[in-house]
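Worksheet for the structure shown next.
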Amino acid sequence: MAAPHDNDPEALIPMLQAMQGRHGGLTRAALVDVARALGIPAQRVYGVATFYAMFDVPPRPGRVIRVCDGPACWLHGAARLHDELADALGQRWRIERNSCLGLCDRAPAALVDGAQCGPMRGASDVAGRRGSCMTPARYATPRPGETRVLLANAAEIDPDSIDSALEYGAYQGLRKALAGPPGAIVDEVEAAGLTGRGGAGFPTARKWRMVLQEAAAQKYIVCNADESEPLVFKDRVLIDTNPQQLLEGMAIAAYAVGANEGFIYVRGEYAPQAERLARAVRQAEARGWLGERIQGSAFTFRIRIHRGAGAYVCGEESALLESLEGRRGEPRQRPPFPTTHGFRGWPTVVNNVETLSSVPAIVRNGAGWYRSLGSRAAPGTKLYLLLGHVNRPGLFEAPFGLSLRQIIDELGGGMLPGSRFNFALTGGAAGTLVPPSLLDVAVDPGSWASGVALGAGAFLICDRSVSPVALLRELMHFFESESCGKCTACRVGTHEARVVLDRLVAGIGRPGDAEALTELADVLKTASFCGLGQSTAIPMISALTHFPDAFQGRSDQGT
Amino acid sequence: MTVRFTLNDQRIEAEPGQTVMNAAQAAGIAIPALCHDRTLTPVGSCGLCGVEVEGRRGAFTACTLPIVDGMVVRSETAAVLRTRRQILALLLRDYHDAGYASADPETEFMYWVRRYGLPMPPAREPRHAVNSDPNPFVWVDLNKCIHCNRCVRACAEVQGRFVWGIAGRGRDSRIVAGADTTLLEARCESCGACVAYCPTGALDDKLSVGAGRPDTIVTTTCGYCGVGCRFDLHVRDGRILRVASNPHAAVNGMSLCVKGRYGHAFVHHPDRLATPRVRRYLIEGSGRPPGRGDWVDTDWETALTLIAEKLAGIRRASGADAIGVLSSAKCTNEENFLAQKFARQVIGTHNVDHCARLCHASTVAGLAMAYGSGAMSNTFDDLCGHAEAILIIGSNTTEQHPVFGARIRQAVLKRGVKLVVADPRRVDIAEFAMLHLRHRPGTDVALINGLMHVMLKNGWQDQAFIDTRCDGFEAFRATVEAYTPEAVSLTTGVSVQDLNEAAALLALNKPMAVIWAMGITQHTTGVPNVLSLSNLQMLLGNMGVPGGGVNPLRGQNNVQGACDMGALPNVFPGYQHVTDERVRAKFESAWQLEGAPAGVPLFTGVPGMASTDMVHALRGGKLRALYIIGEDPLLTDPDLNDVRACFDACEFIVVQEIFPSDTAARADVLLPAAAFFEKDGTFTNTERRIQRVHAALKPIGQALPDWEVLAQVAKRMLAIDGRRPVGPHAGWDYPAPAAVMDEIAALTPSYAGVSHARLDRGEQLFWPVPGPDHPGTPILHVGRFARGKGMFYAIDHLPPEELPDADFPLLLTTGRVLYHWHGGEMTRRVKGLLEIYPESLVEIHPEDALRFGLDGSRHVTVTSRRGRMRAKALLTERVSPGVVFANFHFPGDQNINNVTIFALDPVARIPEYKVCAVKIARVDPA
């Protein structure tokens, strides 16, 4: 088992994935054998195997349906779906809940034997793997108001054919980049004002320049495709519509900073997307756009696809690097930052899929063109994920600075008939609960200060049938399940908050519960080790601020 | 260069890169922490040490916050204190205390809970079983675990064992041993480091859980091996409650080994000798019956008088040299000094020796020949901090010097020291080696010559060092010429490639330190083996430099000191030779007696007998009496069937002991001695570091410290002969061991500056300490060798005395294991140690097992031309095919010394425990 991986402990997770696939799980004895073969302590192998949700220790028999536990699916009756499947199929299948599957545009969704299915209406949809398709044709036509860069030609390009992508200009950005010095690329991206699209909005060129300036024997580009934040599925769509665009973006980044090796860390639940990327890499290598001496230049760049194994925390860049090195996905102490001490301790650029996918067009068309697309403060376009009680949910691409009202009314086709806006969750699970009073705030990377987070670009629109307390309970349940357990605040704090919210949702709240939540939000924000832990306080604080009455005692409104 | 920062309005200077936590601790400002310990990698996970930094938003964990010049930090603001209380409250939510340890000392966690005034939350259901691991020493109660992970880091970073890990995720995460198994199955060495670091009692000392708080805490030095760990003894009502790490221990810090931390129960064992005993025939004045007859309990006066009269009689009748004294490497320096003073001054013989004869006699002799001084040249701190490469040859370091073994693991893990291990067995430390050379037992000279051949051929020698500081190089070079890798490979079984690679690793990574133990010394070629290693270190210029040197690891707690004190037949204290007239004159006048026949010197200029020779001198009556202090030759000498016969022939044997040992069973007078927990004095560890021993307990029953017994016997013998002390140091009225140390200092140049007062002030003294103001000498041979120039010796390989043949087809090599100590008198009386290692095991390679019809771990006999033992077979690839390994920890027919050979190195008189020929046979249950 270890031999194909050169007995390299870094390959522990792929090895365990292969074993899990072959034997339906991992026995302790098998884990001890792996440890011996790799020459690492048994506890390390066991610790990794029990950290990731997709490993079964010990093995459990039977095929599995993982019903999505995310907020969009929750709104669309995932709990009912789970119970129905368990009743109807429980004899033959293991029916389990899974943290958000990133199939929010197909809610309620499930992984049936690994296949991404949805919307699932019931047990009868299992056999046919309903909705199990990888080309979201629904994004072929832009909706009114969209500006498409990332999704340009989304309908025309065959995502599984590099030739098709080349017809639409793939790798022309890289060709242009290779003609100049690496520093020029960084300058161009800086001039374009590209910022990180994963949620934090850090200037991309600044990160690149730090790595470029490091005098190191090795440098790496790591693409963060661990899209595990509930309500966020944009990276999946980008991979499913134009994987070569991402590979090209990585190659340009690598050239710009002086890296020769790159990794795409794809979340474990995105198995079909990982396969698609692997195919795209093979094709690009065959055409000479990746690999040794690209297009006859002196530049060599290889990309390896790494599949995660089920852990939201691995979206945190330092946890991702730990995971990529074959360990538990626990965040690292920062500083030092990945730009100086990243993968294997070498300077590393970690960028989100959307960020890297934005790069080819910038290089091809120039910074001026890119800046012309958005506002001065936030140039370029952004993918928006619109979900909930609107007429046209789904994904679209538009410049920054739309207000929530515009998003709902103009791009979302308005609230569902009979629905009245109650609040929106914006940004993602670790986003803000937005009351009607903030509907006209222009949303951009800076608008969190006004109470409306852009985050990764998710917008869950809730009508009066949804209680903010109930939604918050779902979010805390997610954070609790996904806490890595390293720091006190997140490990215990998310659990304690969920217990209080359970009470409130069940209508058996106690005096002081709101104060307890305020206290917990405070310690989560102040004392969590990593950004993910700190961000769990954001929805709590906004809900407590804008909907104080909902936390007083009984709370029986909503789903 | 320093950086300055402000902490709570106090200006503090710090090292660049230092964390706020460490600088605060150094400045005496306490910032609470649970996951942090200054000796572990900071992780910043508990969140308790959060502080505010002016100009930055949020809180920062002080344990991970590097100081920036001019930084302004506050650790006691209202917001910070509030967060701390919140964190403690969260930790308490998941903490479940069943109350069984409420009388025990307060844990760190409870200290902070109390300090911050938090109420205990209502108890929840416990989530885990209490006492969930069967390890006899480590108590596990995960209900008290607060996920600080100190145990995980302690096991990895301090002990280098990686037993503890974290499994699961989030609130369900927990510490696990290995792949969620028992500690012992997960290769736990039961060192208890995890316990020492645990802030909550989730991991605790199983023997001490619920034992309550101590009355007194006494810091003393461990009495097991020569590493010289120090620890705190928690004592109440005359019993040891717990051995706790003392973070200020100079040698070991928080580390201890399983024996040091958990092997103390023997001191309270019912087998302890508590009353003087004499044989009935001595009381009745009748003839000595076969087997010496019954024991009679008696009082000290009777026993001491009897001894004095009997020894005085033999001395008068047959001369002083008819009496021999075996001193003990377990006793203090002060006691060893008195033992040889007793032999030399009171009896008048140089027949004094101790068990160094059986372990490092060849080291002492060989290094004295080559360099002029026979001790470890560098220190642990120096080796671990400065060596770039280390050669461990013939030392099972992690089992025999466990805490030093752990420090070597640390050096490999943290500093990337290049480690080469040469050992016929795959000893545990070989796991950490870049290269393990498995040479055949008894081929050390060939191996080392082979390595030096390669080095010379490549021109890797330090010619400047050789030219300026050494003699004898050309003859040496000519000899090594013949040891080509090809020839050496045939002799040793090590491949040519490995020889070349090892030579390069050792020669090209400087400085390189050599470490050895019994695998080098216990051969008929013990001295040549040592000389080969001294050649190697001169060749590479690794002497007298930090991170290099020759580093023989001494076995017993005070075997270095026992040698230093002159419990050897050829030297007075401080290696002052008995053949040197001026030395004799000095001791004559210091110890001068009045009433002795005028003109007859106290002692001759002829060295006395080595212990291995004394035993055989018993048979012919050349030696009529033996005075044995704490040694057990009837368990530890080779070829015991012969040794027993020799002892049976001996007329009068006195034994001072703590237990009824095999040797005690052949004594005529048996005196109850104090154990080291009950003693005051000093031990000198293998590094030449002199450390204090403090009594934590009163001696059991009527037992007395060995020094008091010796003084009593001495005074009585002098009185019988009408001799009176007149020399300045001739008397025997010592008020306390400190006074003995003053006499040692007066007569021993290398200890001249040593006093209990200096040691009690915390001074770390490595001898030589030539004066009261001298700071000691951590590294020997700097600039010049003790003998002037270092001497190369031309050494050729010689085969061992007895090699396998058709009748005895297997090669037996012997040694010890982690869980027992030497003859096992102490460790076999510690329940938990016996639980882990209950009986004698013989390591046999699976191929040999097949050959001799062993299907699994059955009982076997191991037979040589001299005798037979019986043990359980342990089938393992730790030994090579054709080699078996056994230990001498168990008495009677389980003892491998029934089988070993009495063959001595001609110079050092050390026996060849490491090689003889045996056969094995399966024992079928009757």
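Heads up: the sequence lines are chains D and L, in that order.
The first sequence stops at residue 559 when you use my numbering, and every number in between is there.
The second sequence stops at residue 1926 when you use my numbering, and every number in between is there.
In this text, a Cβ means the ideal position worked out from N, Cα and C, and glycines have one as well.
Checklist entry - Using a C-beta to C-beta distance shorter than 7 Å, which residues of chain D count as neighbours of residue 1083 of chain L? => result 523, 526 and 527
Next on the checklist: With the cut-off set at 8 Å, would you say residue 1765 of chain L and residue 1377 of chain L are in Cβ contact?
Outcome noted: no
Next on the checklist: Which residues of the stretch 23-35 of chain D have a Cβ closer than 7 Å to any Cβ of chain L? Give them in chain order.
Outcome noted: 28, 31 and 32
Checklist entry - Where residue 438 of chain D and residue 70 of chain D are concerned, what is the direct C-alpha to C-alpha distance, given to the nearest angstrom? => result 25 Å
Next on the checklist: Once the 5 residues before and after residue 550 of chain D are set aside, which same chain residues still bring their CB inside 7 Å of it?
Outcome noted: 467, 468 and 469
Item to check | Residue span of the alpha helix (DSSP H) that contains residue 22 of chain D, given as start and end | outcome: 12-23
Item to check | Close Cβ partners of residue 1908 of chain L (< 7 Å) along its chain, the five nearest in sequence each way excluded | outcome: 1361, 1362, 1365, 1526 and 1527
Item to check | Cβ-based contacts, 7 Å cut-off: residues of the stretch 1086-1107 of chain L near chain D | outcome: 1086, 1087, 1090, 1091, 1093 and 1094
Checklist entry - Name the residues in the stretch 1050-1067 of chain L whose C-beta lies less than 7 Å from a C-beta of chain D; which are they? => result 1050, 1058, 1059 and 1064
Item to check | Whole-angstrom distance between residue 388 of chain D and residue 462 of chain D, CA atom to CA atom | outcome: 6 Å
Checklist entry - Residues in its own chain within less than 7 Å of residue 1499 of chain L by CB, not counting five upstream and five downstream? => result 1450, 1451, 1454, 1485, 1488 and 1489
Item to check | residue 1015 of chain L and residue 1002 of chain L closer than 8 Å at C-beta | outcome: yes
Item to check | Distance between beta carbons of residue 1141 of chain L and residue 974 of chain L, contact taken as under 8 Å | outcome: Here chain L has residues from 1001 to 1926 only, and residue 974 of chain L is not among them.
Checklist entry - In terms of DSSP beta bridges, what is residue 1656 of chain L paired with? => result L:1629 and L:1671
Checklist entry - Could you give the distance in angstroms between the alpha-carbon of residue 1861 of chain L and the alpha-carbon of residue 1441 of chain L? => result 21 Å
Checklist entry - From residue 1088 of chain L to residue 1044 of chain L, what distance separates their C-alpha atoms? => result 15 Å
Item to check | For residue 1916 of chain L, the first and last residue of its enclosing beta strand (DSSP E) | outcome: 1916-1922
Item to check | DSSP three-state assignment for residue 332 of chain D, whether helix, strand or coil | outcome: coil
Checklist entry - Start and end of the beta strand (DSSP E) containing residue 1513 of chain L? => result 1512-1516
Checklist entry - How many angstroms separate the CA atom of residue 1280 of chain L from the CA atom of residue 1701 of chain L? => result 21 Å
Checklist entry - Do residue 1819 of chain L and residue 1827 of chain L have their C-beta atoms closer together than 8 Å? => result yes
Next on the checklist: With three or more beta-carbon pairs closer than 8 Å as the criterion, would you say the stretch 248-265 of chain D touches the stretch 211-219 of chain D?
Outcome noted: yes
Item to check | Cβ-based contacts, 9 Å cut-off: residues of the stretch 486-507 of chain D near chain L | outcome: 486, 487, 488, 489, 490, 491, 492, 493, 494, 495 and 496
Next on the checklist: According to DSSP, simplified to helix, strand and coil, what is residue 1138 of chain L?
Outcome noted: strand
Checklist entry - Should residue 1581 of chain L go down as buried or exposed, given a rule of 16 or more other Cβ atoms within 10 Å for buried? => result exposed
Checklist entry - If you draw a straight line from the C-alpha of residue 45 of chain D to the C-alpha of residue 111 of chain D, how long is it? => result 26 Å
Checklist entry - On the three-pair Cβ rule with 8 Å, is the stretch 1089-1096 of chain L touching the stretch 1117-1128 of chain L? => result yes
Next on the checklist: Give me, in chain order, the residues of the same chain whose beta-carbon lies closer than 6 Å to that of residue 1903 of chain L; leave out the 5 immediate sequence neighbours on both sides.
Outcome noted: 1524, 1801 and 1912
Checklist entry - Under a Cβ-count criterion, where at least 16 other Cβ atoms within 10 Å of its own Cβ denotes burial, should residue 1414 of chain L be classed as buried or exposed? => result exposed
Checklist entry - In this structure, what does DSSP give as the bridge partners for residue 51 of chain D? => result None; residue 51 of chain D has no bridge partner.
Next on the checklist: Restricting to Cα atoms, I'd like to know which of L:1056, L:1049 and L:1177 is closest to residue 1085 of chain L.
Outcome noted: L:1049
Item to check | Interface residues of chain B facing residue 46 of chain D [CB-CB closer than 8 Å] | outcome: Among the chains of the structure shown, chain B does not appear; the protein chains present are D and L.
Item to check | Under 9 Å by beta carbon: chain D residues contacting residue 1047 of chain L | outcome: 487, 488, 489, 523, 526, 527, 528 and 529
Next on the checklist: Can you tell me whether residue 1018 of chain L is buried or exposed? The criterion is at least 16 other CB atoms within 10 Å of its CB, across all chains shown.
Outcome noted: buried
Checklist entry - What does residue 333 of chain D reach in chain L if we use C-beta pairs closer than 8 Å? => result 1042, 1043, 1044 and 1064
Item to check | Neighbour flag for residue 50 of chain D against chain L, beta carbons, 8 Å | outcome: yes
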